[in-house]
Ligand SMILES: C[S@@+](CC[C@H](N)C(=O)[O-])C[C@H]1O[C@@H](n2cnc3c(N)ncnc32)[C@H](O)[C@@H]1O
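Numbering (our numbering), first residue to last: 356 to 884.
So this is what it looks like as structure tokens:
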């Protein structure tokens, strides 16, 4: 049985499409055969993608793998991501049958999704969104990583095409404890709009709709609505293409460090210091295999106002630069060390494909951090991608149980959190993190355009390292990683190009150390003393 729609009524899907402004919905089932330029059409329908057929306004490609119980199109993904060559043929077919103003969605487990994204970019498509959907199916077993509840849906459109994304609202949800709206962003007006709140790119708790709809129908309804055609006398059709992927042999984890040599790096690695300079120049001087946990929060190429850094490079230039420092990060990590890379999903798609191609690295999770930024545009951008890799098949230190996770369906208001303490069981950590907000108020942030919340850094460091370990951050900003590492009894090592940010980080570290009577005389680079 295919996970997406076998048990959904065809007529219902058709009427869903009509309600969203389409003439109807065609359904196809395809299978990729490994290594061959062949796409098998399994659907009893005749292939509607032939010459002369009307292009679709919206195509949703959903993929799955032969299930563990041997059923076709199940969920469980093989351990090795990557696409067989036949995928290229598939994308040519799909791209050739999508209208110029159309939207192409690809839905499936995050393991393979970045590779699909890149295939689309090669064919002139451009990234719009990665919707992180919390799905209510069996939890995929976590081999070394966090349990996955994350279904990814990529949204691509043709480059330079003028595509209108419709504003879609969803009903307000309320805290199960205090009854206040769950969403506390966008002001009172937003939370009182009777039409609901504007959708973001993280879709949680679709089970709230389960009594009325299957959650997959709700996903389909949202996607078709976001990409809905402008009203016309001759509405177009949509296509749901269900793709059964071939399974590549999964490599069994051999050992904790993947058989990589336990070769100590040459030279001494500095500790408890933030080095002033350019990431590439400084990192190349650091010894190989010297850090236990590496974290990267690079500039997002969004034209943010940094003091020292031009944040608006050409895409190719930015990505080539990222690949250079990613390669150095990998060199720096000890075997069995963990790597976390935070970026916008649009860039993280490329980071994932690059890192997946390095034989020593294994992607454990694409964690969707639901960071709740300001309402902006048609879809509120809330999803930050946090890629989690280990150097070798398994991370040496991994303790997800250390994370204090607020359960879904409860608000973050301090008063409510306090009152419900001990009354509501904590939740298990999985690959959608929705309980850590970005720093919302100016009064809580330093003079820095994108300082991260300490709680995020404390979570990453506590689950992926142990006391005494060395935590590296090559884009230290105003020192969130250093502060969190020291609070948790780890050593830190940072690089930052801007002396003003280093000065802020240093002042915070010193102030906290003095307050706690812990001042250990941490060293800071000479340039910023
Ligand atoms: C997204 S911010 C990191 C913020 C940090 N995580 C925090 O919480 O403060 C990126 C940082 O990278 C720094 N940066 C930009 N280009 C750099 C480079 N070439 N080498 C080192 N640091 C750089 C910027 O100055 C900025 O502080």
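Think of the CB as a built atom: it goes at the ideal place given N, C-alpha and C, for glycine as much as any other residue. All figures in this text were calculated on a predicted structure; none of them were measured in a lab.
Assigned secondary structure, residue i (DSSP; H/G/I helix, E/B strand, else coil)
i           : result
residue 611 : Note that residue 611 scores 43 on pLDDT, short of 50, meaning its location in the model is unreliable; the coordinates nonetheless yield the value given after this. Reduced to three states, the DSSP call for residue 611 is coil.
residue 532 : coil
residue 456 : strand
residue 754 : coil
residue 836 : helix
residue 695 : strand
residue 465 : coil
residue 570 : helix
residue 844 : coil
residue 548 : coil
residue 878 : Here the model assigns residue 878 a pLDDT of 49, short of 50, so the residue's position is not dependable, and the following value carries that caveat. Of the three classes helix, strand and coil, the one that applies to residue 878 here is coil, per DSSP.
residue 488 : strand
residue 705 : helix
residue 606 : Caution applies to residue 606, whose pLDDT of 39 falls short of 50 and renders its modelled position unreliable; the value that the coordinates give is listed next. In the structure shown, residue 606 sits in coil (DSSP, three-state: anything other than H, G, I, E or B).
residue 446 : helix
residue 770 : helix
residue 483 : strand
residue 795 : coil
residue 831 : coil
residue 616 : Caution is warranted here: a pLDDT of 43 is assigned to residue 616, below 50, making its placement in the model unreliable, and the coordinate value is therefore given only provisionally. Residue state, collapsed to three classes: coil.
residue 477 : helix
residue 408 : coil
residue 522 : coil
residue 500 : coil
residue 435 : Confidence at residue 435 is low in this model, with a pLDDT of 49, below 50, so its placement is unreliable and the value that follows should be read with caution. Coil.
With 16 other Cβ atoms within 10 Å as the buried cut-off, status of residue i
i           : result
residue 524 : exposed
residue 586 : exposed
residue 458 : buried
residue 777 : exposed
residue 866 : exposed
residue 836 : buried
residue 746 : buried
residue 806 : buried
residue 550 : exposed
residue 677 : buried
residue 408 : exposed
residue 723 : buried
residue 605 : A caution first: residue 605 carries a pLDDT of 40, below 50, which makes its placement in the model unreliable, though a value can still be read off. Residue 605 comes out exposed.
residue 479 : exposed
residue 689 : buried
residue 693 : buried
residue 374 : exposed
residue 785 : buried
residue 364 : exposed
residue 371 : buried
residue 644 : buried
residue 595 : buried
CB contact flag (residue i, residue j, <7 Å)
i           : j           : result
residue 738 : residue 556 : yes
residue 760 : residue 726 : no
residue 412 : residue 454 : yes
residue 695 : residue 741 : yes
residue 839 : residue 813 : yes
residue 520 : residue 842 : no
residue 578 : residue 420 : no
residue 559 : residue 720 : no
residue 342 : residue 860 : The shown model of the chain, from 356 to 884, leaves out residue 342, and the question about it has no answer.
residue 757 : residue 815 : no
residue 824 : residue 800 : no
residue 827 : residue 848 : yes
residue 888 : residue 415 : The structure shown does not extend to residue 888, since the chain is modelled only from 356 through 884, so no value can be given for it.
residue 592 : residue 378 : yes
residue 787 : residue 489 : yes
residue 735 : residue 512 : no
residue 687 : residue 641 : yes
residue 707 : residue 376 : no
Whole-angstrom C-beta distance between residue j and residue i, which should lie under 8 Å
i           : j           : result
residue 698 : residue 744 : That belief does not hold up - the Cβ atoms of residue 698 and residue 744 are roughly 13 Å apart, past 8 Å.
residue 368 : residue 380 : 5 Å
residue 597 : residue 445 : Their Cβ separation, rounded to whole angstroms, is 12 Å, which puts residue 597 and residue 445 out of contact at 8 Å.
residue 771 : residue 533 : 4 Å
residue 892 : residue 834 : The shown model of the chain, from 356 to 884, leaves out residue 892, and the question about it has no answer.
beta-carbon residue i near ligand 3 non-hydrogen atom, thresh 6 Å
i           : result
residue 807 : Looking at this structure, you won't find ligand 3 anywhere; what it does contain is ligand 1.
Cβ pair count under 8 Å reaching 3, the segment 464 to 478 against the segment 438 to 449 = The segment 438 to 449 and the segment 464 to 478 touch, with three or more beta-carbon pairs separated by less than 8 Å.
inquiry  = Does the contact criterion of 3 or more C-beta pairs under 8 Å hold for the segment 478 to 487 versus the segment 504 to 517?
reply    = With the rule of 3 Cβ pairs closer than 8 Å, the segment 478 to 487 counts as touching the segment 504 to 517.
ask   = When the Cβ atoms of the segment 804 to 811 are set against those of the segment 783 to 794, are three or more pairs found closer than 8 Å?
value = Judged by pairs of C-beta atoms under 8 Å, the segment 804 to 811 touches the segment 783 to 794, as three or more such pairs exist.
inquiry  = Assess contact between the segment 668 to 687 and the segment 461 to 468, defined as three or more Cβ pairs (one per stretch) separated by less than 8 Å. Is contact present?
reply    = At 8 Å Cβ cutoff, the stretches do not touch.
ask   = Is it true that the segment 795 to 802 meets the segment 647 to 658, where meeting means three or more beta-carbon pairs spaced less than 8 Å apart?
value = Because the criterion of three Cβ pairs below 8 Å is not met, the segment 795 to 802 and the segment 647 to 658 do not touch.
message = Below 8 Å, how does it come out for the segment 755 to 769 and the segment 528 to 537: are there three or more Cβ pairs, yes or no?
response = Three or more beta-carbon pairs separated by less than 8 Å link the segment 755 to 769 to the segment 528 to 537, which places the two stretches in contact.
ask   = Is the segment 855 to 862 touching the segment 712 to 725 in the sense that three or more CB pairs, one from each, lie closer than 8 Å?
value = With fewer than three CB-CB distances shorter than 8 Å, the segment 712 to 725 does not count as touching the segment 855 to 862.
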